[in-house]
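Undergrad: Just so you know, the sequence shown maps onto residues 2 to 272 in my numbering.
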Amino acid sequence: MSLIGYPKTLVDYILTYKVRNISAQVTLLALVIFCVILTPKTTLAEPLKITLAAEDGWPPFANEFGSGISHNLIHQAFKQVDVDVSTIVVPYTRGLIMTERGSVDGVFNVTREQSTIDRFVFGNEPLFTVTASFFFAKEHPIIANNKWQLPSRSIIGIVNGYEYGDEFNTLVEQRKLQVITVNSQRQLINLLLVGRIDTAIMFDLVADVYIQQIGVEDDIMAKFINHKSEIFVAFSKQNPQAERLSQLLDEGLLTLQKQGKYQQLLQPEND
């Protein structure tokens, strides 16, 4: 069909329409190609994944089965900020070494004191606060009302690698204490029972678990406090994201508190 003889305005209209139609089709095709190319790159980012070392002998907070209050609390806190946590269950001292070397991203449960601040990165929000006390066997009592009154040269038992507060070294020097180091609080209880040590520093809630398991509730007692510890996740200084991870954990813990879930997670029955 010839366009000769049609008014010029009509011809211009038809040609303009065709050009616009072709242009729109080209634009649509380009948009489809653009979306196809970018789709793999614009999918939702996967959660940040980290690995933490968890000690194997600190119930009810962390046990050899990879469960406990600390596990629940840490997993839930990081879940709030889209961080996926894997744990490796190891002895506490090994967890500290792995973190220091950068083999894992962090370790729990660590007291933030001068000796650990020098080695690790900490956030501002503790997981929780625990009390450590001096325990005695009722058959071998000591006359003292606080740790500074311990008889000179008393034999004291502690767990290898644990933190006992910034005053501990001063206490040992002033009272001339003889320190015996073992690998677990269970061993400390046994040494108390046989009279191999005069006293042992143990974290109260952890000692309660072992005392009940062994069945010596009437034989071992806590007499006075050594210190209170704020317990943290310690992050590796070898990890360039350590500061960010500590901040994310702080954010997650604060979120749990605002939601009213934090106190529930501190209960042993949630283990």
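Beta carbons are placed, not taken as given, at the ideal position from N, Cα and C, and that holds for glycine.
Inspect the beta-carbon positions of residue 220 and residue 145 and report whether they are closer than 8 Å.
TA: Contact: no.
Undergrad: Please state whether the Cβ-Cβ distance between residue 88 and residue 55 is less than 8 Å.
TA: In this structure, residue 55 lies closer than 8 Å to residue 88 by Cβ.
Undergrad: Indicate whether residue 119 and residue 90 have their beta-carbon atoms separated by less than 8 Å.
TA: No.
Undergrad: Consult DSSP for residue 246 and reduce its assignment to one of helix, strand or coil.
TA: DSSP places residue 246 in helix when its eight states are reduced to three.
Undergrad: Output yes or no for whether 8 Å exceeds the beta carbon distance between residue 231 and residue 112.
TA: The answer is yes: Cβ separation under 8 Å.
Undergrad: Skipping 5 residues on each side, what residues in its chain have a beta carbon closer than 8 Å to that of residue 205?
TA: Around residue 205: 131, 132, 133, 134, 223.
Undergrad: Mapping DSSP to helix, strand and coil, what is residue 85?
TA: Residue state, collapsed to three classes: strand.
Undergrad: Once the 5 residues before and after residue 82 are set aside, which same chain residues still bring their CB inside 7 Å of it?
TA: Cβ neighbours of residue 82 beyond the five flanking positions: 249, 252, 253.
Undergrad: With distances taken from CA atoms, which of 226, 215, 238, 207 is nearest residue 269?
TA: Residue 207 is the option with its Cα nearest to residue 269.
Undergrad: So, using beta-carbon positions, are residue 192 and residue 158 closer together than 8 Å?
TA: Cβ distance < 8 Å, so residue 192 and residue 158 count as in contact.
Undergrad: By Cβ distance, which residues of its chain are closer than 6 Å to residue 126, with the 5 residues on each side in sequence left out?
TA: 251, 254, listed in sequence order.
Undergrad: Residues in the same chain with beta-carbon distance under 7 Å from residue 185, minus the five sequence neighbours each way, listed in chain order, please.
TA: Contacts found: 58, 160.
Undergrad: Using CA atoms only, rank isn't needed, just tell me which of 110, 236, 98, 243 is closest to residue 128.
TA: Measuring from the Cα of residue 128, the nearest candidate turns out to be 110.
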